[in-house]
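Here the structure is laid out as structure tokens; the discussion comes afterwards.
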Amino acid sequence: GENVEQHPSTLSVQEGDSAVIKCTYSDSASNYFPWYKQELGKRPQLIIDIRSNVGEKKDQRIAVTLNKTAKHFSLHITETQPEDSAVYFCAWGYGNKLVFGAGTILRVKS
Amino acid sequence: GAVVSQHPSWVICKSGTSVKIECRSLDFQATTMFWYRQFPKQSLMLMATSNEGSKATYEQGVEKDKFLINHASLTLSTLTVTSAHPEDSSFYICSAPSAQGSEKLFFGSGTQLSVL
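First to last, the sequence lines map onto chains H and Y. With my numbering, the residue at position 62 of the first sequence is 64, and numbering never jumps. With my numbering, the residue at position 51 of the second sequence is 688, and numbering never jumps.
Right under this line is the structure:
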């Protein structure tokens, strides 16, 4: 079936450094790519999304880049802070559904 | 943004009993809602798509007779786990599109189900 690969599974960075998480998808027809942040025991929160007609989108310290040819998209967090520590999930639109990646545990060390 | 309310937030039940979980869109209408299951340290796995006024669409491998879904109104979908067993213990979470046809999902707060 359709799936999305997400790497790395865990990521530790020092406060202030940048963090990059990458996802690869399989369906070239997909045109919507969101990123969700989930804290322990909480609901996933949409933090940024991008559509296939755009190559990059930025919102303050968070940015997403999309390479449709290579079928991968990445989340970039700059100037990381301890409160950025959470699990991050990429997803991509498949029909009227979203397929989620396996998640990346981000730990920001102060 | 749109708010999706989910209750209960956690439930403990005995094996063999049924548990109902409610998902409400508070300030918008949702003709479609999605139900996900999340095991510890794993991703969100789509179980089924709840459709207002019609039958739910289940993903492959999800037993429709075990996970009953009812979407009787434009703001409420319910998931009933029937004859629950310990292996059904999981975090169940619903979501609704921010607008009809939109891929942007807003999630409920989730329900942690523990079956003894």
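The beta-carbon is built from N, C-alpha and C at its ideal position, and this holds for glycine as well.
- Residue 724 of chain Y carries a helical assignment under DSSP once its states are collapsed to helix, strand and coil.
- At a cut-off of 8 Å between beta carbons, residue 713 of chain Y makes no contact with chain H.
- For residue 14 of chain H, the enclosing beta strand (DSSP E) stretches over residues 12 to 16.
- The beta carbon of residue 36 of chain H is closer than 6 Å to those of 48, 51 and 93 in its chain, skipping five residues each way along the sequence.
- Around residue 740 of chain Y, the beta-carbon contacts reaching into chain H at under 7 Å are 34, 95 and 100.
- Between residue 75 of chain H and residue 91 of chain H, the CB-CB gap reaches or exceeds 8 Å.
- The DSSP-derived three-state label of residue 19 of chain H is coil.
- Taken atom to atom, the span from the alpha-carbon of residue 62 of chain H to that of residue 20 of chain H is near 13 Å.
- Secondary structure of residue 702 of chain Y (DSSP, three-state): coil.
- The alpha carbon of residue 87 of chain H has as its nearest neighbour, out of H/34, H/112 and H/57, the alpha carbon of H/112.
- Within the segment 681 to 695 of chain Y, the residues whose Cβ lies closer than 9 Å to any Cβ of chain H are, in chain order, 681, 682, 683 and 686.
- Within chain H, not a single residue places a beta-carbon under 7 Å from that of residue 706 of chain Y; the smallest gap is close to 15 Å.
- Looking at the backbone, the Cα of residue 98 of chain H and that of residue 721 of chain Y are separated by about 29 Å.
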